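**Student:** Shown below is the structure under consideration.
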Amino acid sequence: MEGCPRNREIGPKLFDLIPQGRKWYQEDKNNIDQEKKLELRLGPPGGDEEDRSAMKKKNNNYTETRNIKMESEDKSFQGFNSNHFSSSNKTSQKRTAPGPVVGWPPVRSFRKNLASTSSSKLGNESSHGGQINKSNDDGEKQVEPKREGMFVKINMDGVPIGRKVDLNAYNSYEQLSFAVDKLFRGLLAAQRESSGSEGEEKPIIGLLDGKGEFTLTYEDNEGDKMLVGDVPWQMFVSSVKRLRVIKSSEISSALTFGCSSKQEKMRH
Amino acid sequence: MTQDRSEMSEDDDDKQSPPLDLRSAAIAEPSSSSSSSSVVVVVDSTPNKSRNCISSSSSGSLTSQPFPDHVLENVLENVLQFLDSRCDRNAASLVCKSWWRVEASTRSEVFIGNCYALSPARLTQRFKRVSSFVLKGKPRFADFNLMPPDWGANFAPWVSTMAKAYPWLEKVDLKRMFVTDDDLALLADSFPGFKELILVCCEGFGTSGIAIVANKCRKLKVLDLIESEVTDDEVDWISCFPEDVTCLESLAFDCVEAPINFKALEGLVARSPFLKKLRLNRFVSLVELHRLLLGAPQLTSLGTGSFSHDEEPQSEQEPDYAAAFSACKSVVCLSGFRELMPEYLPAIYPVCANLTSLNFSYANISPDMFKPIIQNCHKLQVFWALDSICDEGLQAVAETCKELRELRIFPFDPREDSEGPVSEVGLQAISEGCRKLESILYFCQRMTNAAVIAMSENCPELTVFRLCIMGRHRPDHVTGKPMDEGFGAIVKNCKKLTRLAVSGLLTDQAFRYMGEYGKLVRTLSVAFAGDSDMALRHVLEGCPRLQKLEIRDSPFGDAALRSGMHRYYNMRFVWMSACSLSRGCCKDIASAMPNLVVEVIGSDDDDENRDYVETLYMYRSLDGPRKDAPKFVAIL
Chain S
1 MEGCPRNREI GPKLFDLIPQ GRKWYQEDKN NIDQEKKLEL RLGPPGGDEE
51 DRSAMKKKNN NYTETRNIKM ESEDKSFQGF NSNHFSSSNK TSQKRTAPGP
101 VVGWPPVRSF RKNLASTSSS KLGNESSHGG QINKSNDDGE KQVEPKREGM
151 FVKINMDGVP IGRKVDLNAY NSYEQLSFAV DKLFRGLLAA QRESSGSEGE
201 EKPIIGLLDG KGEFTLTYED NEGDKMLVGD VPWQMFVSSV KRLRVIKSSE
251 ISSALTFGCS SKQEKMRH
Chain D
1 MTQDRSEMSE DDDDKQSPPL DLRSAAIAEP SSSSSSSSVV VVVDSTPNKS
51 RNCISSSSSG SLTSQPFPDH VLENVLENVL QFLDSRCDRN AASLVCKSWW
101 RVEASTRSEV FIGNCYALSP ARLTQRFKRV SSFVLKGKPR FADFNLMPPD
151 WGANFAPWVS TMAKAYPWLE KVDLKRMFVT DDDLALLADS FPGFKELILV
201 CCEGFGTSGI AIVANKCRKL KVLDLIESEV TDDEVDWISC FPEDVTCLES
251 LAFDCVEAPI NFKALEGLVA RSPFLKKLRL NRFVSLVELH RLLLGAPQLT
301 SLGTGSFSHD EEPQSEQEPD YAAAFSACKS VVCLSGFREL MPEYLPAIYP
351 VCANLTSLNF SYANISPDMF KPIIQNCHKL QVFWALDSIC DEGLQAVAET
401 CKELRELRIF PFDPREDSEG PVSEVGLQAI SEGCRKLESI LYFCQRMTNA
451 AVIAMSENCP ELTVFRLCIM GRHRPDHVTG KPMDEGFGAI VKNCKKLTRL
501 AVSGLLTDQA FRYMGEYGKL VRTLSVAFAG DSDMALRHVL EGCPRLQKLE
551 IRDSPFGDAA LRSGMHRYYN MRFVWMSACS LSRGCCKDIA SAMPNLVVEV
601 IGSDDDDENR DYVETLYMYR SLDGPRKDAP KFVAIL
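Going down the list, the sequences are from chains S and D. All letters in the first sequence, in the order written, are residues 1 to 268 by UniProt numbering. All letters in the second sequence, in the order written, are residues 1 to 636 by UniProt numbering.
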């Protein structure tokens, strides 16, 4: 019952009601669900206190409606929201049940998994592109940092540093090829400089036709390594898992594993 | 001391900053008598047109006289070089046009507390010789998932503007910013003399971005990744540092959740003779740590990595860890212990006596393991730990660490109804033993007013008091009363208090105390507290130095929000989430205060509850509302 956590907690033998003026303090030592009728309070059954301002009552209405709505909707921040509202309701005097509240206690996510990491040294394996060590106790949404981009890794022979490209940013192989040139031109020149040969920046061209010094290849979702450029762009985007820029001289050896027959046909 | 603090993520490091950081482009000066004519200033690139909006008398007298002195300006430049503190610099820039101009041309370190308070162009127009840049982005509550991702705080526009304006840039220090690999690549490309990169609580980049920085910034002295989310791009970034001797003085990557190439790291440390600070991540084992220590006895600050091993070590070959630590005579700051095997903890005994800073906050250490260690740490000034050390451990701290300035106790099990191993007993002990305490962050399950009052009386040097009683609305567990008197005593007795975070059961009375006595309070964090609008009104009508106000889940409504309109231009930001605000009121405020950006952050479209404001985040801005707001942010 995420919607209404307000009136859940009291066990009769553990009551400690201290009426003070208009306020109720309840100290409960254990959070067992109880039927509403066992609860004693001054206010109306909605759980409000007598001296609440009109705005707060109004707020409660909103949150009531909202809570009901939350359960029927499937929003990406649902966890984020419903908890927000469930906690804003009762404002001060009542201890709310241990329904998880977003961001409370205010401990950053990487400090939350200590109970599990200390017992097993595996800890949380970092997931590719995902958020690490995000605890789920708060019922928050899983966060993916790049929801709208389609990022694939791209490595280049001779350059130790890999990059990532967002394939959704391009509509054609030409655009992709241009982007690869932009990404690696500088890095390649720096590599060459450090290994003694001239470090002048030369554009990386001919990636798609086999004519340049380098050729662009990819690994698809079946693990096959293929040359880029043969299938329609959208089909490529839907099947590519990672990219690699290899020396054109090494095309045949690089594609030895799982070279598709189609490729062989197209590439003389 | 400050140096030690910068080892760990510092939540409030701008203790001395004035209300406004770009003061001469200010909006309503608190000390000015003419505060009614607030808003102003366009900072033009031509200095002749620049004005300072403060006391009309000073600008009046200047414009009428011819101002001859290039000589004077030269002298001024030479003198202003010595002014480091931005407080002083802001003050100097307000003296007159000429001083403004000279100050702007000599300021080398710029601090921007809110990346949306101004545009990058404004920065580069005013300050021409910036070599060091500190920028903060998201509000702090974003750390606790109270803000949807992709909210903003992008580093990209800043780095691209600075790339052209400040090619000599040497230092970038970011907090809670969204930084991409491309931003890092641009940084590495654009600043040939780049020396220091510090990323605190940042995200959006991965090890490939770090690799580029490591590879291209040949003069890099500091690479500190602190509490940031770094994606594992499976890049061996350690190998990307240049082959020859490096300038590295500080390398911190404890937050990087990716395995590293240890051999490359060893090589890197071996060719980094100036390396003083090294913070390893949990993928470095104890055996590997041992090897590093043998090669780097000059270290002053060490993050120990996992402090454990994967396989069963052969006992006869087990390295003498204690000996390695003894060789590190200069280590004064120790952290790490990410996956601590407690039987190895005694290895650190040789360095305990020298330690000024110790961070055990990732280590589940029991009191019995802890006491023998802490009993040697007489010089300790900064101590972070988990509550697993219990009240007993805190008593041991109180007995030994008489020089303690900063204490942070984090919950091992951060849930509302978990076991509470620390309580008012620990707090009381600390207050009695550590009289020089300046800053405390304490998570607990139960607390009493008496202990908090005791601390207020015993520790007059407190500037930061953050108490988090994890159960919401929990009263004093002995008396059953609200925690009003405790927090009241803190604001009354701790005259130097600048930062306060409250919790537990609190009525409006607590806020009355805060408003009346919190004369120097700049940052206030409130959660699940107060009874009515009066509480917030007390704070907004009091607390003259309030800059940053963050409130969640408290019954404060429109009337309270309106009561602060006289001062929102003098604050860095106000955050209110899950309170009782209506959109109409926020809109009114936005219209009445054009230089205030009023963001209402919701979750997608909310047609039914259009009037209810889930999260309000508002801040002053010199350049109007931002253009990069995502769809779930409505700027009123």
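Glycine included, C-beta positions come from ideal geometry on N, C-alpha and C. Please read all numbers here as calculations on a predicted model, not as lab measurements.
#1: Over the uninterrupted beta strand (DSSP E) stretch that includes Glu-550 (chain D), give me the two end residues.
#2: Mind listing which residues of the region 156-179 of chain S have their C-beta closer than 7 Å to chain D's C-betas, in chain order?
#3: In or out: Lys-495 (chain D) buried (at least 16 other Cβ within 10 Å) or exposed?
#4: Is Pro-160 (chain S) helix, strand or coil when you go by DSSP?
#5: Would you say Arg-192 (chain S) faces chain D, with C-beta separation under 8 Å as the test?
#6: Between Trp-99 (chain D) and Leu-118 (chain D), which are expected to be in contact by the criterion C-beta below 8 Å, what is the C-beta distance as a whole number of angstroms?
#7: Mind checking which residues open and close the beta strand (DSSP E) that includes Trp-384 (chain D)?
#8: Quick one: residues in its chain with C-beta nearer than 7 Å to the C-beta of Ser-132 (chain D), no 5 flanking neighbours on either side, listed in chain order?
#9: Can you name the start and end residues of the alpha helix (DSSP H) that Leu-524 (chain D) belongs to?
#10: With a cut-off of 8 Å, does the C-beta of Leu-243 (chain S) fall near any C-beta of chain D?
#11: Thinking C-beta only, is Gly-336 (chain D) closer than 8 Å to Thr-300 (chain D)?
#12: Decide yes or no for the touch test of the region 154-161 of chain D against the region 582-595 of chain D: beta carbon pairs closer than 8 Å, at least 3 of them.
#13: Between Ser-423 (chain D) and Met-447 (chain D), which are expected to be in contact by the criterion C-beta below 8 Å, what is the C-beta distance as a whole number of angstroms?
#14: What does DSSP give as the partner residue(s) for Phe-573 (chain D) in the beta ladder?
#15: If we ignore side chains and look at the alpha-carbon of each, how far apart do Leu-561 (chain D) and Arg-108 (chain S) end up?
#16: If we count the other Cβ atoms within 10 Å of its Cβ and call it buried at 16 or more, is Phe-410 (chain D) buried or exposed?
#17: List, in chain order, every chain D residue whose beta-carbon is nearer than 7 Å to that of Lys-153 (chain S).
#18: What are the start and end residues of the alpha helix (DSSP H) that includes Ala-451 (chain D)?
#19: Going along the chain, which residues of its own chain have a beta-carbon closer than 7 Å to the beta-carbon of Cys-585 (chain D), five neighbours each way excluded?
#20: Listed from N- to C-terminal order along the chain, which residues in the region 470-487 of chain D have their beta-carbon within a distance smaller than 9 Å of any beta-carbon of chain S?
#21: For the region 404-437 of chain D, list every residue whose C-beta sits within 7 Å of some C-beta in chain S, in sequence order.
#22: Using a Cβ cut-off of 8 Å (strictly closer), state whether Ser-58 (chain D) contacts chain S.
#23: If we require 3 or more residues per run, which beta strand (DSSP E) segments fall completely within the region 199-276 of chain D?
#24: Using beta-carbon positions only, say whether Cys-255 (chain D) and Leu-225 (chain D) come within less than 8 Å of one another.
#25: For a test of the three-state rule: what should DSSP assign to Ser-306 (chain D), helix, strand or coil?
#26: I need the DSSP call for Asn-359 (chain D), collapsed to helix, strand or coil.
#27: Could I get the ranges of all uninterrupted alpha helix (DSSP H) runs contained in the region 444-517 of chain D, with 4 residues as the minimum, in chain order?
#28: Where does Leu-182 (chain D) fall in DSSP's three states?
#29: With 16 other CB atoms within 10 Å as the buried threshold, where does Arg-129 (chain D) fall?
#30: Skipping 5 residues on each side, what residues in its chain have a beta carbon closer than 7 Å to that of residue 638 (chain D)?
#31: In chain order, what residues of the same chain have a beta carbon less than 7 Å from the beta carbon of Ala-165 (chain D), not counting five sequence neighbours either side?
#32: Sort D:Ser-330, D:Leu-404, D:Leu-286 and D:Gly-624 by Cα distance to Cys-434 (chain D) and report the nearest one.
#33: With DSSP collapsed to three states, give me the class of Ile-246 (chain S).
#34: Quick one: grab the DSSP three-state call for Met-593 (chain D).
#35: Can you tell me which of the three DSSP states Val-539 (chain D) falls into?
#36: Give, in chain order, every unbroken run of the alpha helix (DSSP H) that is at least 4 residues long and sits entirely within the UniProt domain "COI1 F-box" (69-108) of chain D.
**Tutor:** Result, derived from the coordinates:
#1: Element bounds for Glu-550 (chain D): 548-552.
#2: Cβ proximity to chain D below 7 Å picks out Pro-160, Ile-161, Gly-162, Arg-163 and Lys-164 from the region 156-179 of chain S.
#3: Burial check for Lys-495 (chain D): the Cβ neighbour count within 10 Å stays below 16, so the residue is exposed.
#4: Correct three-state label for Pro-160 (chain S): strand.
#5: Not a single C-beta of chain D is nearer than 8 Å to the C-beta of Arg-192 (chain S).
#6: Actually they do not touch by this definition, with Cβ atoms about 21 Å apart.
#7: Trp-384 (chain D) -> beta strand (DSSP E) spans 382-386.
#8: Scanning its chain for C-beta atoms nearer than 7 Å, with the 5 sequence neighbours on each side dropped, one finds around Ser-132 (chain D) the residues Ser-108, Glu-109, Glu-170 and Lys-171, in chain order.
#9: No alpha helix (DSSP H) holds Leu-524 (chain D); the beta strand (DSSP E) holding it covers 523-527.
#10: Leu-243 (chain S) does not count as touching chain D.
#11: With contacts defined by Cβ atoms closer than 8 Å, Thr-300 (chain D) and Gly-336 (chain D) do not form a contacting pair.
#12: Contact between the region 154-161 of chain D and the region 582-595 of chain D is absent, because fewer than three Cβ pairs lie under 8 Å.
#13: Yes, they are in contact, since the Cβ atoms of Ser-423 (chain D) and Met-447 (chain D) sit about 7 Å apart, within 8 Å.
#14: Per DSSP, D:Lys-548 and D:Tyr-619.
#15: Distance between the alpha carbons of Leu-561 (chain D) and Arg-108 (chain S): 28 Å.
#16: By the neighbour-count rule (16 or more Cβ atoms within 10 Å), Phe-410 (chain D) is buried.
#17: Within 7 Å Cβ-Cβ: Asp-233.
#18: Counting along the chain, the unbroken alpha helix (DSSP H) around Ala-451 (chain D) starts and ends at 449-458.
#19: Only Asp-558, Leu-561 and Arg-562 meet the Cβ criterion.
#20: Against chain S - using a Cβ distance shorter than 9 Å - the residues of the region 470-487 of chain D are Met-470, Gly-471, Arg-472, His-473, Arg-474, Pro-475, His-477, Gly-480, Lys-481 and Pro-482.
#21: The residues in question are Phe-410, Pro-411, Phe-412, Asp-413, Pro-414, Arg-415, Glu-416 and Asp-417.
#22: The predicted position of Ser-58 (chain D) is uncertain, since its pLDDT is 40 and thus under 50; no value can be drawn from it.
#23: The region 199-276 of chain D contains these whole beta strand (DSSP E) runs: 222-226 and 250-252.
#24: Against a cut-off of 8 Å, the Cβ pair of Leu-225 (chain D) and Cys-255 (chain D) comes out as a contact.
#25: Coil at Ser-306 (chain D), not helix or strand.
#26: The three-state secondary structure of Asn-359 (chain D), taken from DSSP, is strand.
#27: For secondary structure counted as the alpha helix (DSSP H) over 4 or more consecutive residues, the region 444-517 of chain D holds these complete runs in sequence order: 449-458, 484-493 and 508-517.
#28: This sequence places Asp at residue 182 (chain D); Leu is not what is there. DSSP places Asp-182 (chain D) within a helical segment (H, G or I) once states are collapsed to three.
#29: The residue in question, Arg-129 (chain D), is exposed, as its Cβ has fewer than 16 Cβ neighbours within 10 Å.
#30: The displayed coordinates of chain D run from 1 to 636. Any statement about residue 638 (chain D) would go beyond what the structure contains.
#31: Cβ neighbours of Ala-165 (chain D) beyond the five flanking positions: Thr-124.
#32: Residue D:Leu-404 is the option with its Cα nearest to Cys-434 (chain D).
#33: Here Ile-246 (chain S) sits in strand by DSSP.
#34: Reduced to three states, the DSSP call for Met-593 (chain D) is coil.
#35: Helix, per DSSP.
#36: Taking 4 residues as the minimum length, the alpha helix (DSSP H) runs contained wholly in the UniProt domain "COI1 F-box" (69-108) of chain D are 70-80, 86-93 and 97-106, in order along the chain.
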